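One point on numbering: in UniProt numbering, the residue at position 441 of the sequence shown is 441, and numbering is uninterrupted. All C-beta atoms, glycine included, are put in the ideal place defined by N, C-alpha and C. Since we're looking at a predicted model, the values are computed, not measured. Shown next, in structure tokens, is the structure this report addresses.
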Amino acid sequence: MSIQIDLNQPPFSFLSEPQRQWLTQKLDLVFFQAGQVILDQGQVSPGLYIVYKGVVEESDGNGQVFSQYGREDIFDVRAVLESACKHRYTACEETLCYLLPSKDFIQLLNDSDDFSVYFKTDLGTQASLVEQRDSGGSVSEFILARIDDSSMRSPVYVNGQTNLARVAQMMHEQKYDAVLVRTAKGVGIVTGTDLLKATLMADKTKQSKVAEIAQYDLITVEYGEFLFSALLKMTQYHIERVVVTLDGDIVGLLELMDMLSLFSTHSHVIAMRIEQSRTLDELVVAAQRLDTLIRSLAGQGVKVEAIMELITTLNRRLLQRAYDIIFPQRLRDRVCIVVLGSEGRGEQILKTDQDNAIIFQHEHEREAVMPLLNQLHQALLDFGYPPCPGGVMFINDSWINTAEGWQAKVGRWLGSGAPEAMMNMAIFMDGEPICGDKQLFQRVKSRWQQEELRSSMTSAWFAKPALQFETPLTFLGKIREDDGKIDIKKGGIFPLVHGVRALAFEHAINDTSTLKRLDALIERSILDEEVGQGLKDALLLFIRIRLKQQLQLHSDQPGLSQQLDLAMLRSVDRSLLRHALHRVKKFKQLLVNHYHLENF
1 MSIQIDLNQP PFSFLSEPQR QWLTQKLDLV FFQAGQVILD QGQVSPGLYI VYKGVVEESD
61 GNGQVFSQYG REDIFDVRAV LESACKHRYT ACEETLCYLL PSKDFIQLLN DSDDFSVYFK
121 TDLGTQASLV EQRDSGGSVS EFILARIDDS SMRSPVYVNG QTNLARVAQM MHEQKYDAVL
181 VRTAKGVGIV TGTDLLKATL MADKTKQSKV AEIAQYDLIT VEYGEFLFSA LLKMTQYHIE
241 RVVVTLDGDI VGLLELMDML SLFSTHSHVI AMRIEQSRTL DELVVAAQRL DTLIRSLAGQ
301 GVKVEAIMEL ITTLNRRLLQ RAYDIIFPQR LRDRVCIVVL GSEGRGEQIL KTDQDNAIIF
361 QHEHEREAVM PLLNQLHQAL LDFGYPPCPG GVMFINDSWI NTAEGWQAKV GRWLGSGAPE
421 AMMNMAIFMD GEPICGDKQL FQRVKSRWQQ EELRSSMTSA WFAKPALQFE TPLTFLGKIR
481 EDDGKIDIKK GGIFPLVHGV RALAFEHAIN DTSTLKRLDA LIERSILDEE VGQGLKDALL
541 LFIRIRLKQQ LQLHSDQPGL SQQLDLAMLR SVDRSLLRHA LHRVKKFKQL LVNHYHLENF
């Protein structure tokens, strides 16, 4: 029989080619009249159904509809695994389904680990498996690899009293570019570059003691951490090696060159170009390479959470370097530049509109700083960050203030309860200080964490915008679309992010990232672990699917559309998206119950 569905897409792509060929021989095509019950409650399922044509409705038999299934959707796995059907499945119109007998489905589960895991696990693991399968696995394997003996070099120690000439000879003989130095004040590190600078540019001689030039503020990673975490630290601190520790003891060195031989994304090259830039024009060149890097990372299957971390690091380095170029030394510690919105939360990937604010140490500095802020704003435009349509930018008076002025404004926002004021508070609450005196922002942050400003009434008003947009699910449990599209930001991302932000506000959680806020809510038992993890999985799925479509729809110039074209989604992605949207819908009901929002 010729099979008219795509078995090269997940979950069937988890099977080997011989297994897929065997599968096609086991499928039967079955026909159902409109209104015909395919499976009923308590019935033993004959197997797994795959919709070829038509629509199937899942209900409880008493009128409550849970979902609908269309072309290439699968049902009812649970009935096969648990031997009995919990719901009723009815053909809404004339419907054709492929039927894979239960014994054959079970055999495939036993023969294929990934196929089995997909059907027996949660949303996050399912999405991760699909993401890894799409990548071809090569880079994903690196991302999932952990630091072990095979990836690091054994440490070479020298006594702090050893002279520089002897250290240089030892490094040359053992082909090492760095050694660890034992001294009375602890362990330091010396690199070949340190030796060169000490003898050529400083007042050291070949007989100087190595302890005099060692760096003692070691950047470390733990043995067993992900390799990508080490790469991220190297990018953050613009260094070329990290020290590996195990239970506090040094066990090795991890070198950048060794890692780049495994992982060629050029992220560190971009980071170095940013650091070495002396003009804004040079920074523009580095900024233009970010979209290429994103496309490369996404195309190679790097997990979206890792992409967010890396791009956030590079974006912030770019802003910091532009700030250093534009602002004279005497003014750099008189202000604080704060990034807001998705960039503040560390959830921006493609360049979105500028969301930022500034805090002055003193009001009289405004006159000297404003021309510099205009230059910085123009630099961000040149880097590819468009202006914020709502004007949330440090060039606009509403987002400029002293620390005391911001504290007063926060009090007014929270005291008013007005929707616009609450959204301004939400925007500012996601702030992350990047440039200048970061303590200025901490002084403002301490204001909204004061208990008297976080009353139950204020928290409820703050949470209410999470219900502003309807979840794009029909009464029948299907994804509700508008001309074949849904706004994933309004329907999925915003209610999830803002609902989590509201809980974080109520409980004075310090974290800014939605994922870290969820971790904190779980740790404090404010959210059940299953609920919290489900929301993390849903958010990452929304961001991954949105990024994939943004890159597909704007191949020459990535755009910022929040519209998901459902026709471009595979059956497996539609299924994952539907489950994720159901989690958001349940979370919104949790917020209604928790804050009694039915009264607002």
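Taking its Cβ as the centre, do 16 or more other Cβ atoms sit within 10 Å of residue i, making it buried, or is it exposed?
i	result
D556	Bear in mind that the predicted position of D556 carries a pLDDT of just 47, short of 50, making it unreliable; the figure below should be weighed with that in mind. It counts as exposed.
E72	buried
S277	buried
F12	buried
D217	exposed
P18	exposed
N62	exposed
L380	buried
S118	Sequence check: residue 118 is Tyr here, not Ser. With 16 or more Cβ atoms within 10 Å of its Cβ, Y118 is classed as buried.
N315	buried
V167	buried
K103	exposed
D148	exposed
I488	buried
A211	buried
Q589	exposed
E367	exposed
N599	exposed
V369	buried
S456	exposed
R524	exposed
Y237	exposed
Would you say residue i and residue j are within 8 Å of each other, going by their C-beta atoms?
i	j	result
T471	K351	no
H507	I522	no
V44	E57	no
F394	R454	no
I427	G341	yes
I106	I50	no
T220	V243	yes
E94	G54	yes
D353	C388	yes
L39	L23	no
F228	A306	yes
C97	Y52	yes
W399	A357	yes
Q512	E432	Going by the sequence as given, residue 512 is Thr instead of Gln. In this structure, E432 lies closer than 8 Å to T512 by Cβ.
R317	E365	no
N401	F360	yes
L540	I486	no
Q552	S561	no
Can you give me the start and stop residues for the beta strand (DSSP E) that residue i sits inside?
i	result
I250	D249 to E255
D565	Q563 to D565
S67	V65 to Y69
E57	V56 to S59
T95	T95 to P101
N356	N356 to F360
L164	Not the beta strand (DSSP E): L164 falls in the alpha helix (DSSP H), residues L164 to Q174.
L180	A178 to T183
L331	Element bounds for L331: not the beta strand (DSSP E) but the alpha helix (DSSP H), Q329 to R332.
N159	Y157 to N159
Determine the extent of the alpha helix (DSSP H) in which residue i is found, giving its start and end residues.
i	result
A426	P419 to M429
S116	D113 to F119
Y323	V304 to I326
E82	V77 to E82
Y237	L227 to Y237
A368	R366 to F383
E404	A403 to S416
F441	Q439 to W448
residue 608	Only positions 1 to 600 of the chain appear in this structure, which leaves residue 608 out of reach.
K197	G192 to L200
T292	L280 to G299
T458	S456 to A463
G344	G341 to R345
L350	Careful: L350 lies outside any alpha helix (DSSP H) and carries neither H nor E.
Cβ pair count under 8 Å reaching 3, the segment 485–500 against the segment 457–466: yes
Contact between the segment 101–119 and the segment 188–208 (3+ Cβ pairs under 8 Å): no
Contained alpha helix (DSSP H) runs [length at least 4] in the segment 507–586, N- to C-terminal order: 514–523 and 529–553
The segment 284–304 contacting the segment 325–334, beta-carbon criterion three pairs below 8 Å: no
Touch test, the segment 240–255 against the segment 145–159, Cβ-Cβ under 8 Å, three pairs minimum: yes
Touching by the beta-carbon criterion (3+ pairs, under 8 Å), the segment 233–240 and the segment 200–210: no
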